[in-house]
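Peer 1:
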Amino acid sequence: MSAFHSDKIQVGISACLLGEKVRFDGGHKRSEFVENDLRRYFTYLPVCPEVAIGLGVPRKAIRLVRRDDNIRVEASDGSIDVTEKLTAFSKAKTAQFDFLSGYIFCAKSPSCGMERVRVYTNEGAAKEGVGLYARILMEQNPLLPVEEDGRLCDPILRENFVTRVYAYHDWQQLQATGLTRGKIISFHSRYKYLLFAHHPSSYSLLGKLLGDSVSMPLDQLAERYISGLMQGLKNKATRKGHTNVLQHLQGYFKKTLSLEQKAELHHLIDKYRRGLVPLMSPMTLIQHYLREYPNPYLSSQVYLNPHPEDLALRYSL
Ligand code: SF4
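Numbering-wise, the numbering used here puts 249 at position 118 of the sequence shown, and it's gapless, one number per residue.
1) For Pro409, collect the residues of the same chain with a Cβ closer than 8 Å to its Cβ; drop the 5 residues on either side in sequence, then sort them by chain order.
2) Please state whether DSSP places Gly209 in a helix, a strand or coil.
3) Between the beta-carbon of Ser333 and the beta-carbon of Gln362, is there less than 8 Å?
4) Is Ile287 closer than 8 Å to Lys367 when the C-beta atoms are compared?
5) Does the beta-carbon of Gly262 have 16 or more other beta-carbons within 10 angstroms, so that it is buried, or is it exposed?
6) Hey, how far is the Cα of Ala353 from the Cα of Val142?
7) For Phe230, does the three-state DSSP call read helix, strand or coil?
8) Using 7 Å as the cut-off, classify the Cβ of Pro180 as near or not near the heavy atoms of the ligand SF4, replying yes or no.
9) Between Leu275 and Tyr234, which are expected to be in contact by the criterion C-beta below 8 Å, what is the C-beta distance as a whole number of angstroms?
10) In terms of residues, what are the limits of the alpha helix (DSSP H) holding Ala183?
11) Quick one: what does DSSP say Tyr446 is sitting in, helix, strand or coil?
12) Shortest alpha-carbon distance to Ser162 belongs to which of Glu270, Arg282, Ile357 and Asn272?
13) So who's on the other strand from Ser335, going by DSSP bridges?
14) Which same chain residues end up closer than 7 Å to Ser133 when comparing Cβ atoms and leaving out the 5 residues on each side of it in sequence?
15) Return the chain-ordered list of same chain residues with a C-beta closer than 6 Å to the C-beta of Pro413, the five sequence neighbours on each side being excluded.
16) Flag this pair as touching only if the region 249–257 and the region 189–207 have three or more C-beta atom pairs under 8 Å; answer yes or no.
17) For the region 247–285, which segments carrying the alpha helix (DSSP H) assignment without a break, of at least 4 residues, lie completely within its bounds, in sequence order?
18) Where Asp280 and Thr415 are concerned, what is the direct C-alpha to C-alpha distance, given to the nearest angstrom?
19) Determine the direct distance from the alpha carbon of Thr218 to that of Tyr264, and round the result to whole angstroms.
20) Which partner residues does Pro177 have in the DSSP bridge list?
21) Is Leu186 helix, strand or coil when you go by DSSP?
22) Just to confirm my understanding: we take Ile193, look at its own chain, exclude 5 residues before and 5 after, and list those with CB closer than 8 Å. What are they?
23) Name the two residues that bound the continuous beta strand (DSSP E) containing Leu195.
24) Expressed to the nearest angstrom, what Euclidean distance is found between the alpha-carbon atoms of Thr311 and Arg190?
25) Among Arg247, Lys314, Met269 and Ile140, which one has its Cα closest to the Cα of Asp350?
26) Using a Cβ-Cβ cutoff of less than 7 Å, which residues in the same chain neighbour Ser137 once the five nearest sequence positions on both sides are dropped?
27) How many angstroms separate the CA atom of Ser430 from the CA atom of Gly158?
28) Taking the alpha helix (DSSP H) that Leu377 falls in, what are its first and last residues?
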């Protein structure tokens with residue numbers, strides 16, 4: 132069983148990224164990757180928190196302002212303060228997001244920005260804030276994979292986000308069937324090499340958690356497990372991490388490949404390690420050998436197929 136399911140996955144998104152003209156100046160921030168690529172697999176829930184609390188389009192620009200120890204959300208000319216209204220909306224709205232498997236924010240916004248949002252003081256502005264809606268959403272949904280439109284232009288961050296969305300969706304689907312200790316253990320087994328590529332020590336820690344969990348209540352185990360998995364996957368899978376995993380996968384064909392085939396695979400993994408070919412090259416050969424010499428355990432590994440192939444996310448890794 133792979134982590135990839137054909138059902139569309141539900142992902143929340145800042146409405147302006149879908150081309151909705153909801154920005155303060157009547158414009159939008161349509162993202163091609165979101166619209167053209169991800170839309171084939173994701174069903175979007177668009178939200179514009181500023182429009183939702185009754186601010187019109189166009190409207191006065193709002194911004195984060197530090198007042199003593201508080202961060203307020205105010206119009207640039209100080210004429211309105213929407214902190215309470217936006218907080219109430221954000222709490223109520225994001226408390227209903229259990230069904231989402233990811234969220235894409237519009238960067239820099241005082242409402243939707245995930246990080247490095249300008250916070251104004253009398254002395255000037257520093258990029259140290261988080262949009263109010265985004266902050267509340269992340270606090271209320273700590274497991275939910277989140278990312279910003281600008282960061283999605285980076286191939287590694289883009290692949291990492293989509294991997295996390297699929298992994299979380301996979302977990303949600305497992306949860307819907309009713310969790311058991313055995314199901315969590317076999318889920319962990321399928322994620323072995325994916326987690327290994329991202330953060331090997333998370334794999335060991337979670338294995339230990341499962342091994343020591345006999346007396347732990349199931350809901351507590353599930354919460355600790357998925358929280359550890361999502362945290363581990365947040366680490367970027369480096370070329371070194373992928374090379375390590377590829378070498379492990381190569382080991383499964385020790386007895387089946389001819390000397391020539393082994394040398395070819397070894398050579399390709401080494402070329403990947405040196406940055407001469409993309410990850411897809413050795414992966415394609417491994418997939419080919421796996422079809423020729425089936426191995427159910429290896430086929431069950433999410434690492435081989437973490438997201439739809441035609442998103443081509445591994446071509447740039
Ligand atoms: S960034 Fe958020 S609040 Fe601003 S226009 Fe886009 S969806 Fe609306």
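Glycine included, every Cβ here is placed at the ideal spot set by N, Cα and C.
Peer 2: Checking against the coordinates, here is how it stands:
1) The sequence position of residue 409 within the sequence shown is 278, counting from 1. Cβ contact annotation for Pro409 (same chain, cutoff 8 Å, sequence separation greater than five): Tyr403, Arg445, Tyr446, Ser447 and Leu448, in chain order.
2) Position 78 of the sequence shown holds residue 209. Gly209: coil per DSSP, three-state reduction.
3) The residue given as residue 333 occupies position 202 in the sequence shown. The residue given as residue 362 occupies position 231 in the sequence shown. With respect to the 8 Å criterion, Ser333 and Gln362 are classified as neighbours on the basis of their beta carbons.
4) Reading the sequence shown from its first residue, position 236 is the one you call residue 367. Reading the sequence shown from its first residue, position 156 is the one you call residue 287. Going by C-beta atoms, Lys367 is nearer than 8 Å to Ile287.
5) The residue labelled residue 262 in the question sits at position 131 within the sequence shown. With 16 or more other Cβ atoms from the protein chains shown falling within 10 Å of its own Cβ, Gly262 counts as buried.
6) Position 222 of the sequence shown, counted from the first residue, corresponds to residue 353. Position 11 of the sequence shown, counted from the first residue, corresponds to residue 142. Their backbone Cα atoms lie some 22 Å apart in a straight line.
7) One-based indexing of the sequence shown puts residue 230 at position 99. Looking at Phe230 - three-state DSSP - the assignment turns out to be helix.
8) As a working note, residue 180 is residue 49 in the sequence shown. Within the cutoff, so yes.
9) Stepping through the sequence shown from its first residue, residue 275 is reached at position 144. Stepping through the sequence shown from its first residue, residue 234 is reached at position 103. Confirmed, about 6 Å.
10) The residue you call residue 183 lines up with position 52 of the sequence shown. Note, Ala183: alpha helix (DSSP H), Pro180 to Ala183.
11) Here residue 446 is taken as the residue at index 315 of the sequence shown, counted from 1. Looking at Tyr446 - three-state DSSP - the assignment turns out to be coil, as it is neither helix nor strand.
12) Stepping through the sequence shown from its first residue, residue 162 is reached at position 31. With distances taken between Cα atoms, Ser162 lies closest to Arg282.
13) The residue given as residue 335 occupies position 204 in the sequence shown. Answer is none; Ser335 lacks a bridge partner.
14) Here residue 133 corresponds to residue number 2 of the sequence shown, with the count starting at 1. Confidence at Ser133 is low in this model, with a pLDDT of 40, below 50, so its placement is unreliable and the value that follows should be read with caution. Within the same chain, Val433 and Asn436 come within 7 Å of Ser133 by CB-CB distance, once the 5 residues on both sides are set aside.
15) Counting from one through the sequence shown, the residue named residue 413 turns up at place 282. Taken in chain order, the residues that qualify are Leu377, Leu399, Ile400 and Tyr403.
16) Yes, since at least three Cβ pairs between the region 249–257 and the region 189–207 fall closer than 8 Å, the two stretches touch.
17) Scanning the region 247–285 for uninterrupted alpha helix (DSSP H) segments of 4 residues or longer gives 263–271, listed from N- to C-terminal end.
18) What you label residue 280 is simply residue 149 of the sequence shown in a count that begins at 1. What you label residue 415 is simply residue 284 of the sequence shown in a count that begins at 1. About 29 Å.
19) For the purposes of this step, residue 264 is taken as the residue at position 133 of the sequence shown. For the purposes of this step, residue 218 is taken as the residue at position 87 of the sequence shown. So the two alpha carbons sit approximately 7 Å from each other.
20) Along the sequence shown, one-based indexing puts residue 177 at 46. Partner(s): Ile144.
21) Translated into the one-based positions of the sequence shown, residue 186 becomes position 55. The DSSP-derived three-state label of Leu186 is coil.
22) To locate residue 193, count along the sequence shown from 1; it is residue 62. Counting only Cβ-Cβ distances below 8 Å, and skipping sequence neighbours, we find Phe155, Glu181, Leu186, Val204, Glu205, Ala206, Ser207, Ile211, Val213, Pro241 and Ser242.
23) As a position in the sequence shown, residue 195 is number 64, starting the count at 1. Ile193 to Arg198 is the span of the beta strand (DSSP E), which, as asked, contains Leu195.
24) Locating residue 311 in the sequence shown gives position 180, counting from the first residue. Locating residue 190 in the sequence shown gives position 59, counting from the first residue. Rounded to the nearest angstrom, the gap between the Cα atoms of Thr311 and Arg190 is 51 Å.
25) As a working mapping, residue 350 is identified with position 219 in the sequence shown. Closest in alpha carbon position to Asp350, among Arg247, Lys314, Met269 and Ile140, is Lys314.
26) Numbered from its first residue, the sequence shown carries residue 137 at position 6. The predicted position of Ser137 is uncertain, since its pLDDT is 46 and thus under 50; no value can be drawn from it.
27) Numbered from its first residue, the sequence shown carries residue 430 at position 299. Numbered from its first residue, the sequence shown carries residue 158 at position 27. If you draw a straight line from the Cα of Ser430 to the Cα of Gly158, it comes to about 47 Å.
28) One-based indexing of the sequence shown puts residue 377 at position 246. Leu377 -> alpha helix (DSSP H) spans Arg370 to Gly382.
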